[in-house]
Each structure stands twice: as C-alpha cells, then as structure tokens.
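Worksheet for the structure shown next.
Number of protein chains: 2
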Amino acid sequence: MSTRIVSIFVLLILAIACTRVEQVDWEDGTWIDLTYEYSDETIYWPTSDTFQLDTVFVGEAEGGYYYEAYAFASAEHGGTHLDAPIHFYEGGESVEQIEIDQLTGYAVVIDVSEPVADNRDYQIQTSDITSWEEEYGPIPDGSIVLFKTGMGAYWPDAEAYLGTANRGEDALAELSFPGIHPDAAQWIVENRDIKAVGLDTPSLDYGQSERYEAHQVLFEHNIAGFENVANLDQLPTTGAYVIALPMKIKEGSGAPLRIVALVHE
Amino acid sequence: MSTRIVSIFVLLILAIACTRVEQVDWEDGTWIDLTYEYSDETIYWPTSDTFQLDTVFVGEAEGGYYYEAYAFASAEHGGTHLDAPIHFYEGGESVEQIEIDQLTGYAVVIDVSEPVADNRDYQIQTSDITSWEEEYGPIPDGSIVLFKTGMGAYWPDAEAYLGTANRGEDALAELSFPGIHPDAAQWIVENRDIKAVGLDTPSLDYGQSERYEAHQVLFEHNIAGFENVANLDQLPTTGAYVIALPMKIKEGSGAPLRIVALVHE
Numbered sequence: 004m005s006t007r008i009v010s011i012f013v014l015l016i017l018a019i020a021c022t023r024v025e026q027v028d029w030e031d032g033t034w035i036d037l038t039y040e041y042s043d044e045t046i047y048w049p050t051s052d053t054f055q056l057d058t059v060f061v062g063e064a065e066g067g068y069y070y071e072a073y074a075f076a077s078a079e080h081g082g083t084h085l086d087a088p089i090h091f092y093e094g095g096e097s098v099e100q101i102e103i104d105q106l107t108g109y110a111v112v113i114d115v116s117e118p119v120a121d122n123r124d125y126q127i128q129t130s131d132i133t134s135w136e137e138e139y140g141p142i143p144d145g146s147i148v149l150f151k152t153g154m155g156a157y158w159p160d161a162e163a164y165l166g167t168a169n170r171g172e173d174a175l176a177e178l179s180f181p182g183i184h185p186d187a188a189q190w191i192v193e194n195r196d197i198k199a200v201g202l203d204t205p206s207l208d209y210g211q212s213e214r215y216e217a218h219q220v221l222f223e224h225n226i227a228g229f230e231n232v233a234n235l236d237q238l239p240t241t242g243a244y245v246i247a248l249p250m251k252i253k254e255g256s257g258a259p260l261r262i263v264a265l266v267h268e
Numbered sequence: 004m005s006t007r008i009v010s011i012f013v014l015l016i017l018a019i020a021c022t023r024v025e026q027v028d029w030e031d032g033t034w035i036d037l038t039y040e041y042s043d044e045t046i047y048w049p050t051s052d053t054f055q056l057d058t059v060f061v062g063e064a065e066g067g068y069y070y071e072a073y074a075f076a077s078a079e080h081g082g083t084h085l086d087a088p089i090h091f092y093e094g095g096e097s098v099e100q101i102e103i104d105q106l107t108g109y110a111v112v113i114d115v116s117e118p119v120a121d122n123r124d125y126q127i128q129t130s131d132i133t134s135w136e137e138e139y140g141p142i143p144d145g146s147i148v149l150f151k152t153g154m155g156a157y158w159p160d161a162e163a164y165l166g167t168a169n170r171g172e173d174a175l176a177e178l179s180f181p182g183i184h185p186d187a188a189q190w191i192v193e194n195r196d197i198k199a200v201g202l203d204t205p206s207l208d209y210g211q212s213e214r215y216e217a218h219q220v221l222f223e224h225n226i227a228g229f230e231n232v233a234n235l236d237q238l239p240t241t242g243a244y245v246i247a248l249p250m251k252i253k254e255g256s257g258a259p260l261r262i263v264a265l266v267h268e
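Each protein sequence line maps, in turn, to chains A and B.
When we follow my numbering, the leftmost residue of the first sequence carries the number 4, and every step to the right adds one.
When we follow my numbering, the leftmost residue of the second sequence carries the number 4, and every step to the right adds one.
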C-alpha cells in the first residue's frame with residue numbers, strides 16, 4: 004500500500020472507532036443508584052425532624068382525569084444527603100454554591116469493613132488510605148473518595164445502623180458507628196486533591212465524636228461530604244464515575260442527595 | 004511498509020486515541036446547571052405549598068465549633084422538578100421507580116420561542132417538531148427532548164412567568180404560559196422513542212389547559228416530565244448530555260429535580 008492509502012485508512016479507522024467510543028461511553032455503562040429512598044423508614048439523626056409525606060390529592064379529579072400530588076418535609080441532614088462545607092465551617096460554601104464539577108468525578112472506593120467488623124466505633128486511619136494507595140497507586144486529583152465501612156448492610160434498621168433507635172438528645176450518647184479520624188482527614192487535605200468524601204454511615208465523624216473534627220477539617224478545605232451513601236458494595240474499587248446532585252436549596256447547609264455511579268464492565 | 008507494520012501502527016494509534024477520548028469525555032466538558040434554587044422566590048403552582056426553610060441552628064455550638072442546620076418543606080411540584088408518570092396516570096411509575104437510565108440521555112433542544120413571543124398561550128405543534136427534524140434529522144432513540152419556549156427569561160417574576168402572581172384556586176384562571184399540544188404529545192409517543200420531555204414553563208400543558216392531556220398522553224407511555232427547567236439558552240441544539248436526578252421520594256408523584264447537562268465544545 005502507498006503511504007497515502009495507509010494514512011487514509013488510519014484516519015478512517017480512527018474516525019469510526021473513536022466516534023463509537025464517544026457514543027458508548029455514556030450509554031453503554033450501567034448506572035448504580037447509591038441513594039436510599041425517602042420514606043417513613045428513612046434514618047435521621049436522633050435529634051432531627053424526619054421525613055414526612057402529606058397527601059394533597061389522590062384519585063379522580065373534577066376534570067375527569069387521574070391525579071396524584073403530595074407535599075413533603077424533612078431535615079436537611081437525613082437519608083442519603085449532602086453536607087455542604089457551611090454545615091461545620093463558617094463562611095464555607097452552602098448547597099447552591101457548590102459547583103457541579105465538585106460533585107462529579109471518578110470514585111476511589113476504600114474498603115474499611117474489616118476493622119469496622121471488629122469495632123463498630125472504628126475511626127478510619129491514615130494507614131487505611133496509604134495501604135490502599137500501596138495497592139492501587141496514589142488517589143488521583145479530582146477523585147471522589149468513598150469509604151465502604153459495611154454499615155450499609157444494616158439500613159434501614161436504626162438500632163443496628165446508628166447504634167440506637169431512640170430519638171432525642173439522650174439518644175446521642177448511644178450512637179455507635181464508624182467515621183473518619185480527624186488525623187486521616189488532615190492527611191487527605193494536606194496530601195491529596197480530592198473533590199468530595201462519602202461513606203455508608205450517617206456522619207463523616209464516628210458516632211461518639213463530640214467536636215466533629217473530621218467535618219471541620221474537610222469543610223475548611225471545601226471538600227463536601229456525602230452521608231448514608233447506599234450500595235457501595237456494588238462499586239468497583241476504581242473506575243466508577245460518580246454524579247452526586249443535591250436538591251438546590253439556597254443557603255442550605257445540606258440537602259437530600261441523589262448520588263449515582265456509572266460503571267463500565 | 005509491510006502489512007504487519009501497518010496493522011501494528013493502526014492498532015497503536017487506535018489504542019492511544021481511543022483511550023484519550025474515553026478519559027476526556029467526562030472531565031473535559033462544561034457542566035451547565037439547568038436548575039433553579041429553592042428559596043422564598045421559587046415559583047410554585049398557585050394552589051401549592053411553597054418552599055419553606057426553617058433554621059434549626061446557626062452559630063457556635065456548645066462544643067465550641069461552628070454549626071448550621073435547617074429543615075425544609077415543599078410541595079412536590081414547584082421549582083425545577085420532576086413529574087413522575089403517576090402524577091396524571093394511575094398505575095404509572097412513581098419517583099423512586101424511574102430508572103436512572105430513563106433520566107439520562109442526549110438532549111434535543113427544540114426552540115419554539117418565536118411562536119411563543121407572539122402568543123404566550125401557544126401550544127407546541129407537531130409541526131414544530133417535524134420542522135426541527137427537517138433541519139437536524141429524526142430525534143434519536145433515547146433522547147431527552149427539551150422545548151425552549153423563552154419563558155425562562157421571566158423567572159423568578161411569577162406574574163411574568165405564570166401570568167399571575169396571585170395565589171389560590173381563583174388564580175388558576177389567570178395562568179398564561181405555553182405548553183405542549185396534546186396532538187404533539189401523541190405524535191411523539193406514536194413516532195419517536197424518547198426518554199423524557201422537559202421545558203422552561205411550569206407545566207407540560209399550557210396554562211389554560213383544563214384536562215392536562217399532554218401530561219396524560221406522555222405519562223401513559225412512561226415518559227417523565229421536567230418542568231421549570233432553567234438555562235435552556237445555554238444548551239446547543241444537539242450534543243449535550245443531560246442528567247436529571249430527582250430527590251428519591253418513595254411513592255412520590257414528583258420531586259425536586261437537579262438537572263444538569265455536560266456540554267463539549
């Protein structure tokens with residue numbers, strides 16, 4: 004073949020092949036929903052308002068057509084939800100100020116279910132992160148880090164998931180679930196450039212935290228939090244693309260979050 | 004060059020080029036937020052509960068750290084929101100039953116702002132769709148069709164956007180905005196295989212509709228609706244990828260929707 008024919012051939016193959024890849028990138032993957040439903044069963048912090056759905060109308064309307072509508076109420080921080088930096092950091096971003104780019108990125112899934120199985124009050128250590136990196140390489144810039152503690156298996160059993168099914172101030176002493184140790188949060192902000200952190204527990208800090216310092220450290224560096232994330236066991240360790248879109252509450256400190264991941268084979 | 008070398012060359016170029024495309028596809032585009040904020044200004048149907056944000060706590064907590072939290076309430080169908088098929092079709096899908104795949108897809112933007120500029124009670128005609136197709140080709144299977152009526156320019160001025168700033172049953176007679184003619188909805192479900200329909204008005208049907216037949220036709224065919232969609236003027240006619248994630252309300256007939264689009268140059 005002449006060089007000219009070879010060139011045309013290469014360009015043609017490239018055009019066909021790359022067009023195909025661009026098209027299948029979105030449409031060929033599988034969406035995994037990492038979100039719990041809002042219902043009477045949704046788990047909230049013991050001192051928070053819970054989810055309430057009120058019927059506006061259900062049935063045949065006067066005009067002769069079927070019609071259903073509801074109204075709802077909720078605390079910001081229940082179910083699968085976003086923590087905006089302002090939740091624990093004065094002057095931090097509120098919900099509507101967080102750019103979509105900050106809420107979307109490739110996921111890094113760090114499995115800490117082994118130490119949590121031994122101790123449900125476990126605090127995720129810097130060594131959990133560095134051990135992961137020894138196997139998979141440094142957490143890439145722009146990642147969304149998801150800690151899989153295994154607590155998601157207990158949802159929606161509040162006693163098993165939170166450590167208590169009681170409600171009110173007194174129940175706070177009974178909270179028992181794992182979270183991120185403030186030193187590990189500090190290591191992340193000093194050493195890695197990530198967009199957000201999520202986990203399958205109700206809080207970035209562990210249940211017995213009194214000052215919520217992991218929250219403070221991350222939020223001071225404008226890293227948003229995703230809490231009560233569902234179905235983390237369905238994600239690969241790397242390669243899933245996460246899209247986490249909160250209800251756009253102006254000046255909100257948090258919001259219901261619909262978080263999904265696109266996974267390719 | 005021998006055929007063998009040509010083959011290796013082609014494969015190498017392919018590998019490099021296609022890997023690059025897969026990697027940049029997500030991260031190189033620009034996210035456009037097609038969502039209005041929820042606040043006191045958010046426009047609701049005249050008979051609906053509006054958005055309410057209640058302060059739980061703002062300031063220095065007992066533990067010596069900064070803390071902010073709120074609770075909120077809303078009707079399902081206000082602001083930028085999803086209409087689930089069950090809203091107007093008995094037995095249709097409720098919010099949590101709609102697959103993510105149904106809420107994500109390439110957008111087709113059909114501009115009907117010209118006839119709307121002449122008549123704000125305009126009903127989008129089948130000919131508006133077929134004219135678009137004459138220029139851009141048939142609406143591809145799996146598209147999300149977004150009608151740009153131009154009404155978004157009036158948000159958040161309720162009188163300009165809805166036709167009335169009054170509230171309550173009596174205000175319904177004053178509603179004046181465009182929507183989809185039931186015949187055009189019928190043409191869509193009979194001739195095209197789309198995932199969802201959205202527009203920059205408060206309702207799929209026009210303001211003076213009494214039976215909401217465009218809703219009925221689309222919902223009977225399990226095509227979800229996106230209403231009060233923002234920033235449609237920032238989308239190209241084709242090529243934007245839309246991701247529309249509603250708050251996951253179990254058995255909801257609708258929900259606050261965070262709808263975004265990824266646009267490549």
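Note that beta-carbon positions come from the ideal geometry of N, C-alpha and C, so glycine has one too.
Problem - Cβ-based contacts, 9 Å cut-off: residues of the stretch 69-90 of chain B near chain A - result: Tyr69, Tyr70, Glu71, Ala72, Tyr73, Ala74, Phe75, Ala76, Ser77, Ala78, Glu79, His80, Gly82, Thr83, Ala87, Ile89, His90
Problem - N- and C-terminal bounds of the beta strand (DSSP E) containing Asp36 of chain A - result: Sequence index remark: in the first sequence, residue 36 of chain A carries index 33 (1-based). Where Asp36 of chain A is concerned, the enclosing beta strand (DSSP E) stretches over 33-36.
Exercise for the section: Tell me where the alpha helix (DSSP H) around His267 of chain B begins and ends. Expected result: Locating residue 267 of chain B in the second sequence gives position 264, where the first residue counts as 1. No alpha helix (DSSP H) contains His267 of chain B, which DSSP labels as neither H nor E.
Problem - Tyr164 of chain B: first and last residue of the uninterrupted alpha helix (DSSP H) it sits in - result: If you number the second sequence from 1, residue 164 of chain B lands on position 161. Residues 161-165.
Problem - Residue of A:Pro239, A:Glu65, A:His267 minimising C-alpha distance to Asp150 of chain A - result: Here residue 150 of chain A refers to the residue found at position 147 of the first sequence. In the sequence as presented, Asp is not what sits at residue 150 of chain A; that position holds Phe. It is A:Pro239.
Exercise for the section: Please confirm if Ile252 of chain A has its CB atom under 8 Å from at least one CB of chain B. Expected result: Here residue 252 of chain A refers to the residue found at position 249 when the first sequence is read from its first residue. Closer than 8 Å: yes.
Handout entry: Amino acids of chain B, ordered along the chain, whose beta-carbon sits closer than 7 Å to that of Asp104 of chain A
Key = The sequence position of residue 104 of chain A within the first sequence is 101, counting from 1. Here the neighbours are Trp34.
Problem - Distance CB(Ile103 of chain B)-CB(Trp158 of chain A) smaller than 8 Å - result: Sequence index remark: in the second sequence, residue 103 of chain B carries index 100 (1-based). Sequence index remark: in the first sequence, residue 158 of chain A carries index 155 (1-based). Against a cut-off of 8 Å, the Cβ pair of Trp158 of chain A and Ile103 of chain B comes out as no contact.
Exercise for the section: Starting from Thr53 of chain B, trace the alpha helix (DSSP H) both ways and give me its first and last residue. Expected result: Your numbering for residue 53 of chain B matches position 50 in the second sequence. Segment: none, Thr53 of chain B is in no alpha helix (DSSP H) and carries neither H nor E.
Handout entry: Interface flag, Gln237 of chain B vs chain A, CB-CB below 8 Å
Key = Against the second sequence, residue 237 of chain B aligns to sequence position 234. Cβ-Cβ to chain A under 8 Å: no for Gln237 of chain B.
Exercise for the section: Check whether the Cβ of Leu248 of chain B lies closer than 8 Å to any Cβ atom in chain A. Expected result: Counting from 1 along the second sequence, the entry for residue 248 of chain B is found at position 245. With 8 Å as the cut-off, Leu248 of chain B counts as an interface residue toward chain A.
Handout entry: Where Gln26 of chain B falls, given that 16 or more other Cβ within 10 Å makes a residue buried
Key = Along the second sequence, one-based indexing puts residue 26 of chain B at 23. A caution first: Gln26 of chain B carries a pLDDT of 35, below 50, which makes its placement in the model unreliable, though a value can still be read off. It is exposed - the Cβ of Gln26 of chain B has fewer than 16 other Cβ atoms within 10 Å.
Handout entry: Segments of 3+ residues assigned as beta strand (DSSP E) that fall wholly inside the stretch 195-243 of chain B
Key = 199-202, 227-230
Problem - Proximal residues of chain A, C-beta to C-beta of Tyr41 of chain B below 7 Å - result: Against the second sequence, residue 41 of chain B aligns to sequence position 38. Simply Met250, Lys251, Ile252, Lys253.
Handout entry: Beta-carbon spacing of Ser116 of chain B, Gly166 of chain B below 8 Å
Key = Numbered from its first residue, the second sequence carries residue 116 of chain B at position 113. Numbered from its first residue, the second sequence carries residue 166 of chain B at position 163. No, they are not a contact pair.
Problem - Separation of Ala174 of chain A from Ser146 of chain A, as counted between CA atoms - result: Within the first sequence, numbered from 1, the residue matching residue 146 of chain A stands at position 143. Within the first sequence, numbered from 1, the residue matching residue 174 of chain A stands at position 171. Cα-Cα distance, rounded: 35 Å.
Handout entry: Alpha-carbon to alpha-carbon, Met250 of chain A and Pro249 of chain B
Key = For the purposes of this step, residue 249 of chain B is taken as the residue at position 246 of the second sequence. For the purposes of this step, residue 250 of chain A is taken as the residue at position 247 of the first sequence. If I take the Cα positions, the gap works out to 8 Å.
Practice task
Count the other CB atoms, across all protein chains shown, that sit within 10 Å of the CB of Gly66 of chain B; report buried if there are 16 or more and exposed otherwise.
Solution key: Your numbering for residue 66 of chain B matches position 63 in the second sequence. It counts as exposed.
Exercise for the section: Answer yes or no: the CB of Gly95 of chain A versus the heavy atoms of the ligand GTP, is any distance below 7 Å? Expected result: For the structure depicted, the ligand GTP is absent and the ligand set is empty, with no information on it obtainable.
Practice task
Grab me the residues of Arg261 of chain B's own chain with a C-beta within less than 7 Å of its C-beta, minus the 5 sequence neighbours each way, in chain order.
Solution key: Numbered from 1 along the second sequence, position 258 holds the residue referred to as residue 261 of chain B. Correct list, in chain order: Thr38, Leu248.
Problem - Residue environment, Arg23 of chain A, which counts as buried when at least 16 other CB atoms sit within 10 Å - result: Position 20 of the first sequence holds residue 23 of chain A. Because the pLDDT at Arg23 of chain A is just 38, under 50, the model does not fix this residue reliably, and the value given afterwards should be weighed accordingly. Its Cβ having fewer than 16 others within 10 Å, Arg23 of chain A is exposed.
Handout entry: Assigned exposure category for Thr58 of chain B - 16 Cβ within 10 Å defines buried
Key = By 1-based counting over the second sequence, the position of residue 58 of chain B is 55. By the 10 Å Cβ count, Thr58 of chain B comes out exposed.
Exercise for the section: Check His90 of chain B in the structure and name its three-state DSSP category. Expected result: What you label residue 90 of chain B is simply residue 87 of the second sequence in a count that begins at 1. Reduced to three states, the DSSP call for His90 of chain B is helix.
Handout entry: Exposed unless 16 or more other CB atoms sit within 10 angstroms - verdict on Asp208 of chain A
Key = In the first sequence, counting from the first residue as 1, residue 208 of chain A sits at position 205. So Asp208 of chain A ends up on the buried side.
Problem - As assigned by DSSP and simplified to three states, the class of Ala1 of chain B - result: The structure shown has nothing for residue 1 of chain B, since chain B only spans 4 to 268.
Handout entry: Residue-chain proximity (Pro259 of chain B, chain A), Cβ-Cβ < 8 Å
Key = As a working note, residue 259 of chain B is residue 256 in the second sequence. Yes, Pro259 of chain B counts as interfacial toward chain A.
Problem - His267 of chain A classed as buried or exposed, judged by whether at least 16 other C-beta atoms fall within 10 angstroms - result: As a position in the first sequence, residue 267 of chain A is number 264, starting the count at 1. By the 10 Å Cβ count, His267 of chain A comes out exposed.
Exercise for the section: Would you please state the rounded distance, in angstroms, between the beta carbons of Ser97 of chain A and Gly255 of chain A? I believe it to be under 8 Å. Expected result: Taking the first residue of the first sequence as 1, we reach residue 97 of chain A at position 94. Taking the first residue of the first sequence as 1, we reach residue 255 of chain A at position 252. Right, their Cβ atoms sit about 6 Å apart.
Problem - Min CB distance Val59 of chain A to chain B below 8 Å - result: Here the question's residue 59 of chain A lines up with position 56 in the first sequence. Taking Cβ atoms only, chain B reaches closer than 8 Å to Val59 of chain A, which makes this a yes.
Handout entry: Within chain A, partners of Val1 of chain B - CB distance below 7 Å
Key = Here chain B has residues from 4 to 268 only, and residue 1 of chain B is not among them.
Problem - Pick from B:Glu44, B:Trp48, B:Thr241 that is closest to Glu230 of chain B, judged by C-alpha positions - result: One-based indexing of the second sequence puts residue 230 of chain B at position 227. The shortest C-alpha separation from Glu230 of chain B is found at B:Trp48.
Handout entry: Exposure label - Ser206 of chain A; buried when at least 16 CB within 10 Å
Key = In the first sequence, the residue the question calls residue 206 of chain A occupies position 203. Classification for Ser206 of chain A: buried.
Practice task
Pull up the distance between the alpha-carbon of Glu172 of chain B and that of Gln128 of chain B, whole angstroms please.
Solution key: Counting from one through the second sequence, the residue named residue 172 of chain B turns up at place 169. Counting from one through the second sequence, the residue named residue 128 of chain B turns up at place 125. Looking at the two C-alpha atoms, the distance is approximately 29 Å.
Exercise for the section: For chain A, find out if any of its Cβ atoms is closer than 8 Å to the Cβ of Ser296 of chain B; answer yes or no. Expected result: Past the boundaries of the shown model lies residue 296 of chain B; chain B is included only from 4 to 268, so the question cannot be answered.
Handout entry: Under 7 Å from the C-beta of Tyr201 of chain B: neighbouring residues of chain A
Key = By 1-based counting over the second sequence, the position of residue 201 of chain B is 198. In the sequence under discussion, the amino acid at residue 201 of chain B is Gly, which differs from the Tyr named in the question. Residues of chain A passing the Cβ test: none, with the nearest at roughly 15 Å.
Exercise for the section: Identify which residue in A:Asp36, A:Thr50, A:Asp43 has its Cα closest to the Cα of Leu178 of chain A. Expected result: One-based indexing of the first sequence puts residue 178 of chain A at position 175. Of the candidates A:Asp36, A:Thr50, A:Asp43, the one whose C-alpha sits nearest the C-alpha of Leu178 of chain A is A:Thr50.
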